[in-house]
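**Student:**
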Amino acid sequence: MWIEALIAVTLASAFAVFLAPNKVASKLAFALSLLPLAGSLWMYSTYEASGNALLAGSELAFETNFEWVTAGPYTLNWHVGLDGISMPLVALTTVLTSLALLASWTPIDERQSQFYGLMLFLEASLLGVFSALDFFQWFVFWEMVLVPMYVLIGVWGGPRRKYAAIKMFVYTNIASLVMFIGFIALVFGLGDSVTSLDMPAIAQALRAGELGGLGPLTAGTLKVAAFVAMFVGFAVKVPIVPFHTWLPDAHVEAPTPVSIMLAGVLLKMGTYALLRFNFTMLPDVAQNNAPIIALFAVISVIYGAMLALAQTDLKRIVAYSSVSSMGYVILGLVAYTLYGMGGATFQMVAHGLISGLMFMSVGVIYNTTHTRMVSDMSGLASKMPFTVAVFVAGAFGYMGLPLMAGFAAELFIFLGSFGAFAGSVWFTAAAMFGIVVVAGYLLFAMQRTLFGTFETETDYEVGPAAFHDVAPLVVLILLVILLGVDPNIFYTMIQDAVNPLVPAAGGGV
Amino acid sequence: MAVQLPTWTALAPAYAFAATALLLFIIDSIDPGSENRPLIAGTATLGSLAAAGVSAWYLLAGTGTEPIRLYANSVVVDSMSLFFAFVFASVTVLVCAASYDYMRDHSYQAEYYALVMLAATGMTMMATANSLAVVFISLELSSLPSFALVAILKKNRGSVEAGLKYFLVGALSSSILAYGISLVYAVTGSLLLPEVANAVGETDLTGVLGIGILMILGGFSYKVSAVPFHFWAPEAYEGAPAPISAFLSSASKAAGFAVAFRVFIVAFPVDQLVTSATAGVDWVLAAQILAVVTMTLGNFAAATQDTVKRMLAYSSIGHAGYVLIALAALSGGSDQFVLAGGMAHLLVYGFMNTGAFLFIALTEYWSIGRKFEDFNGLAARAPFACVAMTVFLFSLAGLPPFGGFMSKYFLFAGAVRAGFWWLAAVGAINSALSLYYYSRVVKAMWIEDPVGEFDIESKPVGLYAALSAAAVVTVLLLPGFGSVWQYATDAAAALVA
């Protein structure tokens, strides 16, 4: 019952903070968020499981499974459990939420109790997404994420917040419905061989080839159609080019803490779902079409990086860089090798930490200078050396400096995808070139904003940031280095869950 | 085995309402024109709580599993009637609690609550009616107090006009219903539903029977505010005091469906009238047309409204269309499933729709305007109430974290299973459209900046209590849907074994 307790405590905290007066909300929310954080770390330390949550013969951690509603031929269960893929993401969610709450103290200056309440509500939904194993229950949590996100961007965002909030809501909600139709079509196609919406049961039936036709569709067509529907649905969330256009708007308008959650955790929902649904349930479709999917991945990497290069807004640069980083994840997944899929999962966590770090430092810079335009700033290093140091460290992490988390993740992905399928050498090589562009735009941006002589075109006094602003940055940078030095903290766990997915006679490593 | 209660106690929910009404009359005759609001509203709330408690107890104890027939078989208490009694009673509790504040400065205190209790008695009887005579009488018993309740704000022109319009359409529909009943009686020679069912299979007078059935369907359409007898609804819901709008659009509509379900399934069996080789009267086809037209018209009209209350009124017509799917998909062979979907939706709807109208009652209490723009930025001043309203609206739209998602999902899934995938598709498209106008309110409350200053000087206890109770239940209905579904299935099984 630990997962239920985790979600329930977070929801109750959200409610308590919501009712609390504005003055105490920020501190109360942070204090309460330490409860799920401690809970997830405790769960992490006692984690004992083996195998993949969706495949037979696996042992899940903290699993509960009981019947919820029986309706006609289908049973809906309450089924939660963690394996090596979801455990790191649950930990990531709790860590980032606590840090994001800390990072909200300075920028959020109105309606605090509502803001912090919604942030905790968001955390509870995210924990649900990563731990639910019944499709229906999972979908409830998946959609539950949208409601607080919509309000968080729409109320506390920048000047074009309403546009950004609605765009985000419409894009991702339509995507969810497309995915829903695709998945439900699969369930109907399975006919009598499944009696529940339990994801493990469905995954096993699909992998065992029990899919029949549906109406005029043959089993083969149905498979591909459902794969495409689910892929499109999740691609919007990731986001993969060309479904990415909502993301920069949402990021630029969202307040810093919301950007941290958006880049750090919400985008991972998309890749996590791709891994769980597309790549676990329909591995043959994924493998047969690997070059096409890899093409999407590489385009995301290169195009995202190119777009970032062209931006003049520091936050936009970081926002587009997410598109590029998530492209690596897709490349790793489609490789279908131990290193590829493991690296992809590792990259989800690593990118969560690093992008959180980047958004947080951009936020700190914005809080002091009140501008995000690259052209308005120069020589910040002399005025706020500590923040700048962290920013540089984060940027190096992003570029994949060895001994930082990003390096380990990207290395695994490239090792895994190189030679994994026909033509994968070229895709991998092209994606590797992305690193060069990433280094290019980050160094270019830093050179213009951070170094040189001090000069900002604002009326604000520029000085060192407050302790509670830089403290979360330090925590993140330590985590990024820790994961880079000792990837095994997560990697063995991830590998154990990914291993059963990889076909015995696959290509690559 | 505990003490066996006498069988007449099976009607205890109805008796509780009737007794409370009488008690209120006594209180009023001892101290006419009393302004002792705690006593009067408290009596009404406790009376309806008793009705809710008794019906819940009976449901849990399985009282209705074996139908209890009373008064020469003209009244039957089974799982279905108890299920609906619980729906009416819980809505009535919320309405009475909210009226405590809403009717603060009003002169007809005792009359108001007594009328609510009488209407609730009529609704409870509608769910138990096993004879067309009881159908008619109980329908009138619930309608007549409603006319007065809609017009009770005597100094408000909108209220009086709404009451008059409601009364005229009601009178017309009643006469249509009565004429339909007389035609069916002419053909079958009986008013008892099971006997009607026995006779309809053998009659040659299918033409007369068909007209009679269609007229009865028309009478019920009025009660559930389905097209083409819907045009009283927006006016009445808008003009009436907001708690009464909640009462009419939730409880009264559910009562209409309860009686329609029983009459059409028990008295006019699908397998004899619709699907058999000698079928003559395809009332399921009529229900299909009604369902599609009602939900489409309701939703499109709701999308074009300027005031929130009127938008909710039209959306309530749309929801009547969704529930009509339960009747319309009956000939598909998985009757129990789709019927249970309709009933479960009515239960969830009872809470979410009542809650939404009670929020309107709250804004009327604060004299905030009626337009969407008037709600701009309200969340900054009354966040708790706005969270509750957001829950209701998203639940009405059928978004996943709330009870409305579950009930709509099961209703549409039931239609698909019965082979009426196109009904489900029309429902789903309408449901997607509804998100547009519901989210307009959410957007106004949370995201837009306030236009003027709100004058929120007090937070009324009764309204807040009712609002939060409805919101909590709407959320809890999602995890608790398992038991809702079980009782709904039992209720449906009482009709189509």
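Taken in sequence, the protein lines are chains F and B. Here my numbering is used: position 264 in the first sequence is 265, and no number is missing along the way. Here my numbering is used: position 202 in the second sequence is 378, and no number is missing along the way. The beta-carbon is built from N, C-alpha and C at its ideal position, and this holds for glycine as well. Predicted model only: the values in this text are computed from it and were never measured.
For the beta strand (DSSP E) that contains ARG438/B, what are its first and last residues?
**Tutor:** That residue, ARG438/B, is in no beta strand (DSSP E); its alpha helix (DSSP H) goes 429–438.
**Student:** Hey, would you say ASP470/F sits closer than 9 Å to ARG373/F, going by beta carbons?
**Tutor:** No; because the gap between Cβ atoms is not below 9 Å, this pair is not in contact.
**Student:** List in chain order: all unbroken alpha helix (DSSP H) runs of 4+ residues lying wholly within the stretch 448–508 of chain F.
**Tutor:** Runs found: 468–486 and 489–499.
**Student:** Give the single residue among GLN312/F, PHE280/F and VAL324/F whose Cα lies nearest to the Cα of ILE300/F.
**Tutor:** Out of GLN312/F, PHE280/F and VAL324/F, VAL324/F has the C-alpha closest to the C-alpha of ILE300/F.
**Student:** Look up ILE244/B in the DSSP assignment and give the residues it is bridged to.
**Tutor:** In DSSP, ILE244/B forms a bridge with VAL253/B.
**Student:** My assumption, with CB atoms under 8 Å, is that THR268/B sits in contact with SER210/B. Please give the rounded CB distance.
**Tutor:** The Cβ separation is near 21 Å, so there is no contact.
**Student:** For LEU191/F and ALA9/F, what's the separation of their Cα atoms in angstroms?
**Tutor:** C-alpha separation (whole angstroms): 34 Å.
**Student:** At least one CB of chain B closer than 9 Å to the CB of ILE4/F: is that the case?
**Tutor:** Not closer than 9 Å to any Cβ of chain B, the Cβ of ILE4/F fails to qualify, so no.
**Student:** Against chain B, does GLY507/F count as a neighbour if the rule is that its beta carbon must be under 9 Å from one of theirs?
**Tutor:** Confidence at GLY507/F is low in this model, with a pLDDT of 46, below 50, so its placement is unreliable and the value that follows should be read with caution. Judged by the 9 Å Cβ criterion, GLY507/F is not in contact with chain B.
**Student:** Have a look at SER27/F, ASP193/F and LEU90/F and flag the residue whose alpha-carbon is nearest the alpha-carbon of VAL350/F.
**Tutor:** Nearest of SER27/F, ASP193/F and LEU90/F to VAL350/F, Cα basis: LEU90/F.
**Student:** Considering TYR75/F, what are the terminal residues of the beta strand (DSSP E) in which it resides?
**Tutor:** Start and end: 75–83.
**Student:** With 16 as the cutoff for other CB atoms within 10 Å, does ASN53/F come out buried or exposed?
**Tutor:** When all chains shown are included, ASN53/F counts as buried.
**Student:** Against chain B, with Cβ distances strictly below 9 Å, would GLY85/F count as a contact?
**Tutor:** Not an interface residue.
**Student:** Taking contact to mean at least 3 C-beta pairs separated by less than 8 Å, is the stretch 348–357 of chain B in contact with the stretch 392–399 of chain B?
**Tutor:** These segments touch.
**Student:** Starting from the C-beta of PRO189/B, find all residues in its chain whose C-beta is less than 7 Å away, skip the five residues before and the five after it, and write them out in chain order.
**Tutor:** The residues are ALA227, VAL230, SER231, ALA261, ALA265 and THR300.
**Student:** Do you know whose CA, among ASP497/F, VAL437/F and ARG317/F, lies nearest SER51/F's CA?
**Tutor:** That would be ASP497/F, whose Cα lies nearest to the Cα of SER51/F.
**Student:** Please tell me whether GLU624/B has its Cβ less than 9 Å away from any Cβ of chain F.
**Tutor:** Chain F, which has a Cβ nearer than 9 Å to the Cβ of GLU624/B, makes this yes.
**Student:** Using a threshold of 9 Å, state whether the C-beta atoms of ALA421/F and TYR492/F are closer than that.
**Tutor:** No, these two residues do not count as a Cβ contact at 9 Å.
**Student:** Kindly indicate if chain F contains any beta-carbon less than 9 Å away from that of MET256/B.
**Tutor:** By this cut-off, MET256/B is not an interface position.
**Student:** Please name the residue, chosen from SER452/B, ILE392/B and ALA416/B, that lies closest to VAL435/B on a Cα-to-Cα basis.
**Tutor:** Ranking the options by Cα distance to VAL435/B, first place goes to ILE392/B.
**Student:** Pick out the complete beta strand (DSSP E) segments inside the stretch 577–643 of chain B, 3 residues or longer, and give them in chain order.
**Tutor:** With a minimum length of 3 residues, no continuous beta strand (DSSP E) run stays inside the stretch 577–643 of chain B.
**Student:** Would you call the stretch 251–264 of chain F and the stretch 191–211 of chain F in contact, with 3 or more CB pairs under 8 Å?
**Tutor:** Segments in contact, no.
**Student:** So who's on the other strand from PHE67/F, going by DSSP bridges?
**Tutor:** DSSP lists TRP79/F as partners of PHE67/F.
**Student:** Are the CB atoms of THR173/F and TRP106/F nearer to each other than 9 Å?
**Tutor:** The answer is no: Cβ separation not under 9 Å.
**Student:** With a 10 Å radius around its C-beta and 16 neighbouring C-beta atoms as the bar for buried, classify TYR461/F as buried or exposed.
**Tutor:** Classification for TYR461/F: exposed.
**Student:** So what does DSSP say about ASP380/B, is it helix, strand or coil?
**Tutor:** Coil, per DSSP.
**Student:** Answer with yes or no whether the minimum CB distance from THR451/B to chain F is below 9 Å.
**Tutor:** Output row for THR451/B: interface = no.
**Student:** Given ASN78/F, which residues of its chain have a CB within under 7 Å of its CB, disregarding the five upstream and five downstream residues?
**Tutor:** Taken in chain order, the residues that qualify are ASN66, PHE67, GLU68, TRP69, ASP135, SER197 and ASP199.
**Student:** Taking Cβ to Cβ, would you say LEU61/F is nearer than 9 Å to THR281/F?
**Tutor:** No, Cβ-Cβ distance for LEU61/F and THR281/F is not below 9 Å.
**Student:** Between which two residues does the alpha helix (DSSP H) harbouring GLU411/F extend?
**Tutor:** Here the alpha helix (DSSP H) through GLU411/F covers 406–418.
**Student:** PHE407/B: buried (16+ other C-beta within 10 angstroms of its C-beta) or exposed?
**Tutor:** So PHE407/B counts as exposed.
**Student:** How would you list, in chain order, the residues of chain F whose beta-carbon sits under 7 Å from the beta-carbon of ALA556/B?
**Tutor:** Ordered by position in chain F, the residues that pass the 7 Å Cβ test against ALA556/B are ARG112.
**Student:** What separation, rounded to the nearest whole angstrom, lies between the Cα atoms of GLU343/B and VAL326/B?
**Tutor:** Rather than Glu, the amino acid found at residue 343/B in this sequence is Phe. So the alpha carbons of these two residues sit roughly 9 Å apart.
**Student:** Please classify GLY526/B: is it buried, with 16 or more other beta-carbons within 10 angstroms of its beta-carbon, or exposed?
**Tutor:** GLY526/B should be labelled buried.
**Student:** Give the secondary structure of LEU127/F by DSSP, where H, G and I count as helix, E and B as strand, and everything else as coil.
**Tutor:** Note: LEU127/F maps to helix in three-state DSSP.
**Student:** Can you tell me the Cβ-Cβ gap for ALA320/F and PRO249/F, rounded? I've got them flagged as a contact below 8 Å.
**Tutor:** Yes, they are in contact, since the Cβ atoms of ALA320/F and PRO249/F sit about 5 Å apart, within 8 Å.
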